[in-house]
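*Asks:*
Protein chains in written order, with the numbering used here: chain A, 1 to 342; chain B, 1001 to 1380.
(1) What does residue 1256 of chain B touch in chain A if you count any residue whose Cβ is under 8 Å from its own?
(2) What does residue 295 of chain A touch in chain B if you count any residue whose Cβ is under 9 Å from its own?
(3) Among B/1065, B/1048, B/1140 and B/1336, which residue has its Cα nearest to the Cα of residue 1241 of chain B?
(4) Less than 8 Å between CB atoms is the rule here; does residue 1369 of chain B satisfy it with respect to chain A?
(5) Does the separation of the CB atoms of residue 323 of chain A and residue 237 of chain A fall below 8 Å?
(6) How far does the alpha helix (DSSP H) with residue 1178 of chain B in it extend, from its first residue to its last?
(7) Enumerate, from N- to C-terminal direction, the unbroken alpha helix (DSSP H) stretches of 4 or more residues contained entirely within the stretch 306-339 of chain A.
(8) Helix, strand or coil for residue 132 of chain A? Go by DSSP, reduced to three states.
(9) With respect to the beta strand (DSSP E) encompassing residue 1323 of chain B, which residues constitute its N-terminal and C-terminal limits?
(10) Within its chain, find whatever has a CB closer than 8 Å to the CB of residue 1226 of chain B; leave out the 5 residues flanking it on each side and keep chain order.
(11) Taking residue 1073 of chain B as the reference, give the member of B/1064, B/1080 and B/1081 with the closest Cα.
(12) May I ask you to verify whether the stretch 1262-1279 of chain B touches the stretch 1291-1306 of chain B, counting CB pairs closer than 8 Å and requiring at least 3?
(13) Provide the residue span of the alpha helix (DSSP H) that contains residue 286 of chain A, from first to last.
(14) So, does the CB of residue 347 of chain A fall closer than 8 Å to a CB anywhere in chain B?
(15) In chain A, which residues lie less than 9 Å from residue 1176 of chain B when you measure between Cβ atoms?
(16) Enumerate in chain order the residues of its own chain whose CB-to-CB distance from residue 199 of chain A is below 6 Å, with the five nearest sequence positions on each side excluded.
(17) If you draw a straight line from the alpha carbon of residue 257 of chain A to that of residue 1239 of chain B, how long is it in whole angstroms?
(18) If distances are taken between C-alpha atoms only, which option among B/1316, B/1334 and B/1166 comes closest to residue 1345 of chain B?
(19) Along chain B, in chain order, which residues have C-beta atoms closer than 7 Å to that of residue 167 of chain A?
(20) In the structure shown, what three-state DSSP assignment does residue 1271 of chain B receive?
(21) Since residue 1126 of chain B contacts residue 1115 of chain B with CB under 8 Å, what's their CB separation in whole angstroms?
(22) Does the contact criterion of 3 or more C-beta pairs under 8 Å hold for the stretch 299-308 of chain A versus the stretch 242-252 of chain A?
(23) For residue 208 of chain A, go through chain B and note every residue whose CB falls closer than 8 Å to its CB, in chain order.
(24) Report the three-state DSSP secondary structure of residue 1049 of chain B (helix, strand or coil).
(25) Find out if the Cβ-Cβ distance for the pair residue 1041 of chain B, residue 1034 of chain B is shorter than 8 Å.
(26) Quickly, what does DSSP pair residue 260 of chain A with across the bridge? List them, please.
(27) Roughly how far, in whole angstroms, is the beta-carbon of residue 1236 of chain B from the beta-carbon of residue 1215 of chain B, given that I think they are within contact range, below 8 Å?
(28) From what residue to what residue does the alpha helix (DSSP H) around residue 1351 of chain B run?
(29) Tell me, please, whether the CB atom of residue 9 of chain A is closer than 8 Å to any CB atom in chain B?
(30) List, from N- to C-terminal side, the alpha helix (DSSP H) runs of 4 residues or more that fit wholly inside the stretch 193-246 of chain A.
(31) Quick one: what's got a C-beta closer than 6 Å to residue 249 of chain A's C-beta in the same chain, skipping five residues either side?
(32) Within the same chain, show all residues whose beta-carbon is closer than 6 Å to that of residue 1036 of chain B, passing over the 5 residues directly before and after it, in chain order.
(33) What number of angstroms, rounded off, separates the C-alpha of residue 110 of chain A from the C-alpha of residue 153 of chain A?
(34) At what residues does the beta strand (DSSP E) containing residue 267 of chain A begin and finish?
(35) Please report the distance separating the alpha-carbon of residue 195 of chain A from that of residue 1283 of chain B.
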């Protein structure tokens, strides 16, 4: 056990699975480092943010494939390779680029098992980074997990820390269905204790990072840490929160969400994707339908506004959910309850 | 003669502890306390434990308030004679804090021994080798139980390390050791302990075994009596018929906090000792590749429902060295009634109000008892 960054945890998961199973291959733009251009360095980068560093030199060009900048072709190739016996991990770099290859994911990979009478397996992982806060502007900052969650046949994973990332990525690689694995780009340097050995975290099992009596907060990916910061703050003011990290949006652990709401009676959902038809609306609908009797106050959602992500750092800061906004939402549902009881 | 003013500092429970929370003071400011009296309850991420006063005198100050988090070694209280003026105590506190700041600027000189991975045959074992290897005293080897780890000795090891070299390690299939357990029998595990001692150039040691580790200790005594200077068995398996099959099955099948908490609660009499972190650590341990098959093999080799399929009574009777057997009267996993079959009841110490883990629940008494065994002053 040692401290590892989110980046190292993902790298270690890829490395250990590639050592364990030679069917695991990597594909993507610049994942081998673009061969270093004219510098002559064989592995100059290891991915645009260094996540795949050292894998090209260990596993060679047969298993770490630098692809042309044509998402439709290599995501399609990865889906085909998965259907015919390999276990590819394809990297889409920025999730925003899914626009170029959505047909391969939505109409092909996600449908193989269903269209081929349950006889085809598609053990494909597509990794991509998501999220704002990098001042990378509107085409490189989106949190598009609701789009994937909407498509039956895909599993969608959003790790909230280094420990979670390693276990969930190994689970994704060993899974026989297509898995979309989304990494928040602000988290790559965040460190925590991560076991050196391989381990798996099952999909569809939410993690409670804390348990409280007053309000349930559901948060995804990087928002989990912000929700915990808000909960620390609120604890000092006498409000105790449960924080749920669902880990996967598909499958979604609806049972844990409903159970926790039944205990606290109040729900705040934190989702950094655009507010219409996102995970916050999905979970709000679930609880309104199946947990209405347990609610003591209206459900509150903390999301960005329905706009493209601004490039301006000042505007981007306003755009993003943060601990203060989460705490304010929690206080507002508590205030509602107090008003009702008065 | 003690110093006129004595600092009470944040204790270090186990090697991994860096800070602790003051849960509550068990003495009020102005109370006269004696050395060994329960003084303050401290919570770490791993455990909540009562800290006993190292000195006698009047508790003059509670510096750390309830709920406050302080690093190990920080001043949390002051004990002094009633005659010491307040101003002198203020000066002592100011001086202590200045000294602490100076020391921390110098860097941490009391580095704790790191865990090392040692190759033993085809296995890799995580070992915590602490204490003084040149004390001239026989070393101690601590063997944890089923689904445990070397961390089960976090309150025992530091006390013994003041006396001699102390080896705690993760058995195969546990902690951060290799997850391959072979046939999973206590005999195979005992051979691994033998190999480990050999690798560490230890030809004779005081062997302390807890639970399934107690059965392994007995196997080791049968395998190589010369290796074993003394046997201390804490709530051991292998003696008596009963085991709580619900616990074994629960460890194997429960994988979420809600289902695992009642299982782990069987370990202790005081259920508040099972912290959120302990449950999380068990969940994380069970997620590691190879852990579940290993635990299943180990369980199948020694337990069958509510019965133990192993008996090491003969090994106990054949062993000629000193034996101490410590058992909690409220053990919910290996019931204390199992101890009734031990022919020499003089060996057995029973602790009231204590569950399956006396080395946590009666940490002070157990560590002290072990220290007397190590120093040859034990008189059972």
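Note that beta-carbon positions come from the ideal geometry of N, C-alpha and C, so glycine has one too.
*Replies:* To lay it out plainly:
(1) 205
(2) Simply none; closest approach about 22 Å.
(3) B/1336
(4) no
(5) no
(6) Taken as a continuous stretch (DSSP letters only), residue 1178 of chain B belongs to no alpha helix (DSSP H), as it is neither H nor E.
(7) 313-319
(8) coil
(9) 1323-1328
(10) 1203 and 1204
(11) B/1064
(12) no
(13) Per DSSP, residue 286 of chain A belongs to the alpha helix (DSSP H) from 279-290.
(14) Given that chain A is displayed from residue 1 to residue 342, the structure contains no residue 347 of chain A and the question cannot be resolved.
(15) 1, 195, 196 and 197
(16) Only 167 meet the Cβ criterion.
(17) 46 Å
(18) B/1316
(19) 1287
(20) Helix, per DSSP.
(21) 5 Å
(22) Taking a cut-off of 8 Å on C-beta distances, the stretch 299-308 of chain A does not touch the stretch 242-252 of chain A, as fewer than three cross pairs fall below it.
(23) 1257
(24) strand
(25) no
(26) BP columns for residue 260 of chain A are empty, so no partner.
(27) 6 Å
(28) Where residue 1351 of chain B is concerned, there is no enclosing alpha helix (DSSP H), although the beta strand (DSSP E) it sits in stretches over 1348-1351.
(29) no
(30) With a minimum length of 4 residues, the continuous alpha helix (DSSP H) runs that stay inside the stretch 193-246 of chain A are 223-236.
(31) 145, 149, 156 and 279
(32) Contacts found: 1052.
(33) 5 Å
(34) First-last of the beta strand (DSSP E) with residue 267 of chain A: 267-270.
(35) Whole-angstrom Cα-Cα distance: 13 Å.
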